[in-house]
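Beneath this line is the structure, given in structure tokens, with notes to follow.
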Amino acid sequence: MGQKIPITIVTGCLGSGKTTVLNYLLQQIDNKRTAVIVNEFGKAGLDHHLLRESQEKISLINSGCMCCNSRDDLEQELKELLFEHEQLEEGYERIMIETTGLADPAPIVYTILNNPMLQNHFDVELVITTVDTDNAQLQFEKSPEFVKQVSVSDHLILTKSDLVTDDTKEMVMKQIKGINPSAQIYTALNGIVDPNVLQKSSAEPTVHSLPERQYFKGVSSQVQSISFSFSSVLDWTAFTLWLSLLLHTHGENVLRVKGILDVGEEAPTNLNGVQHIIHPPEHLDNWPEDVSQSFLVFIVRNLDPMAILRSLETFQRYIGSDVELMEYQESV
Ligand SMILES: Nc1nc2c(ncn2[C@@H]2O[C@H](COP(=O)(O)OP(=O)(O)OP(=O)(O)O)[C@@H](O)[C@H]2O)c(=O)[nH]1
Numbered sequence: 413m414g415q416k417i418p419i420t421i422v423t424g425c426l427g428s429g430k431t432t433v434l435n436y437l438l439q440q441i442d443n444k445r446t447a448v449i450v451n452e453f454g455k456a457g458l459d460h461h462l463l464r465e466s467q468e469k470i471s472l473i474n475s476g477c478m479c480c481n482s483r484d485d486l487e488q489e490l491k492e493l494l495f496e497h498e499q500l501e502e503g504y505e506r507i508m509i510e511t512t513g514l515a516d517p518a519p520i521v522y523t524i525l526n527n528p529m530l531q532n533h534f535d536v537e538l539v540i541t542t543v544d545t546d547n548a549q550l551q552f553e554k555s556p557e558f559v560k561q562v563s564v565s566d567h568l569i570l571t572k573s574d575l576v577t578d579d580t581k582e583m584v585m586k587q588i589k590g591i592n593p594s595a596q597i598y599t600a601l602n603g604i605v606d607p608n609v610l611q612k613s614s615a616e617p618t619v620h621s622l623p624e625r626q627y628f629k630g631v632s633s634q635v636q637s638i639s640f641s642f643s644s645v646l647d648w649t650a651f652t653l654w655l656s657l658l659l660h661t662h663g664e665n666v667l668r669v670k671g672i673l674d675v676g677e678e679a680p681t682n683l684n685g686v687q688h689i690i691h692p693p694e695h696l697d698n699w700p701e702d703v704s705q706s707f708l709v710f711i712v713r714n715l716d717p718m719a720i721l722r723s724l725e726t727f728q729r730y731i732g733s734d735v736e737l738m739e740y741q742e743s744v
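Terminal number for the sequence shown in the numbering used here: 744, no gaps in between.
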């Protein structure tokens, strides 16, 4: 089997600038080797037309929101792209999926990870969320999807900052850091963004720069993050058993879990999960700079983070290492 084809999911609230950013990025990369799947809500899809000018291969899934009811479509679309990929002299280098503004990205990731065939050929490498700075305040308060999109993202792109004051931009920045301290933040002006936004950083996840506690109201008020460190090598089997039990019971409320774990090999294992979905763990080549021991970060909603600590402490005998609380952050 060849290398897996990386998938980038671009999500963000309705009208937050996903298509604008995607259009720009497609002009910056070898778009002949990039396939784009656009999922639009409603029968008359528009974004794929906007993208078509810059793009050879573009598919539209418009039977509804992909996270709710179009997962079969997505599966089918990816299988077709794989078939094409194998026919092409130089196959696809990357697949980009633009979701509807209503989408919770987690089920999309789940569709891919839950299908052995897709899992063998595709790797969900990045989730990118566009954040409309002008509307972010309202979305924090009113849209649980928005909070989920921010929570599960690797990279966040602040859009439309030309429409707001510097103070508003600063506040939105603090709010999104409060929800997802480890995401990297970029800014786009009318879609123009640093193309490195498409590169997964080797330093992710980062828990060393957790921001100060932020205060704001809204849906995000129930979102909290907590991180732990481990003093010695972890027993991987016991650890995954513990994590499976936790996610089985509380998966809905665990928006994100990330970690760098020492499981007794030369370099650590990168753990990455979105809600109850855990990506296949990735063996890193080296320890990232500034990281010398295992750590784990959770972003949770409606779940007492201290319950995770207590549970870990109960299990630490089996996991093989003492656990220590690193950071605890409430978004309220
Ligand atoms: N002023 C300003 N307008 C922007 C910026 N980025 C995008 N827009 C505009 O915002 C509107 C919505 O942008 P789209 O890229 O269509 O947003 P979208 O997220 O793809 O929209 P949906 O697919 O409907 O969810 C368009 O009119 C864009 O021109 C920006 O940085 N500044």
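All C-beta atoms, glycine included, are put in the ideal place defined by N, C-alpha and C.
- [ ] Give me the Cα-Cα distance between Pro693 and Ala518, rounded to the nearest whole angstrom.
- [x] 17 Å
Task: CA-to-CA distance, Asp647 to Glu678, given in whole angstroms - done: 15 Å
TODO: Return the residue from the list Val576, Leu568, Gln611 that minimises the CA-CA distance to Tyr598.
DONE: Leu568
Task: Integer Cβ distance of Val712 from Val666, believed to fall under 8 Å - done: 5 Å
Task: At least 3 beta-carbon pairs within less than 8 Å: the region 584-593 vs the region 541-560 - done: yes
Task: 8 Å Cβ cutoff met for Ile449 and Glu502 - done: Taking 8 Å as the cut-off, the beta carbon of Ile449 is found no closer than this to the beta carbon of Glu502.
Open item on the list: Going by DSSP, what residue range makes up the alpha helix (DSSP H) through Pro519?
Closed with: 517-525
Open item on the list: Rounded to the nearest angstrom, what separates Leu486 and Arg729 at their Cα positions?
Closed with: 43 Å
Open item on the list: Between the alpha carbons of Asn592 and Lys444, how many angstroms are there, rounded?
Closed with: 33 Å
Task: Buried versus exposed call for Phe495 [16 or more other C-beta atoms within 10 Å across all chains shown] - done: exposed
Task: Rounded straight-line distance, which links the Cα of Glu739 to that of Asp566 - done: 19 Å
Open item on the list: Quick check: does the Cβ of Lys430 come within less than 7 Å of any heavy atom belonging to ligand 1?
Closed with: yes
Open item on the list: Taking the beta strand (DSSP E) that Ala447 belongs to, which residues open and close that run?
Closed with: 446-451
Open item on the list: Under 7 Å: does the beta carbon of Leu437 sit that close to some heavy atom of ligand 1?
Closed with: no
Task: Distance, His533 Cα to Arg625 Cα - done: Residue placement at Arg625 cannot be trusted, given a pLDDT of 32 that sits under 50; what the coordinates show is reported in the next sentence. If I take the Cα positions, the gap works out to 41 Å.
Open item on the list: Can you tell me whether Leu550 sits near ligand 1, meaning its C-beta is under 7 Å from at least one heavy atom of the ligand?
Closed with: no
Task: CA-to-CA distance, Leu683 to Ser723, given in whole angstroms - done: Using only the alpha carbons, I get a separation of about 19 Å.
- [ ] Using three-state DSSP, classify Leu493 as helix, strand or coil.
- [x] helix
Open item on the list: Cutting at 6 Å between CB atoms, please list the residues of its own chain near Leu440, excluding the five before and the five after it.
Closed with: For the record, residue 440 in the displayed sequence is Gln; it is not Leu. Cβ neighbours of Gln440 beyond the five flanking positions: Pro607.
Open item on the list: On the criterion of 16 or more Cβ atoms from any shown chain inside 10 Å, does Met529 qualify as buried, or is it exposed?
Closed with: exposed
Open item on the list: Just verifying my parser: in three-state terms, what is the DSSP assignment at His533?
Closed with: helix
Open item on the list: Let me check understanding here. Comparing Cα to Cα, which of Ile672, Val635, Ile421 lies closest to Glu537?
Closed with: Ile421
- [ ] Within the same chain, show all residues whose beta-carbon is closer than 7 Å to that of Tyr436, passing over the 5 residues directly before and after it, in chain order.
- [x] Gly603, Ile604, Val605
- [ ] Would you kindly report the start and end of the unbroken alpha helix (DSSP H) that includes Ser641?
- [x] No alpha helix (DSSP H) contains Ser641, which is instead part of the beta strand (DSSP E) from 635-642.
TODO: Just grab the DSSP bridge partners of Pro418 for me.
DONE: Asp535
- [ ] Measure the alpha-carbon distance for Thr577 versus Thr681 and round it to whole angstroms.
- [x] 42 Å
Open item on the list: Does Gly590 come out as helix, strand or coil in the three-state DSSP assignment?
Closed with: DSSP places Gly590 in helix when its eight states are reduced to three.
Task: Leu500 classed as buried or exposed, judged by whether at least 16 other C-beta atoms fall within 10 angstroms - done: exposed
Open item on the list: By the DSSP assignment, the alpha helix (DSSP H) with Ala719 in it spans what residues?
Closed with: 717-731
- [ ] With distances taken Cα to Cα, identify the nearest neighbour of Ser573 among Phe651, Gly429, Lys491.
- [x] Gly429
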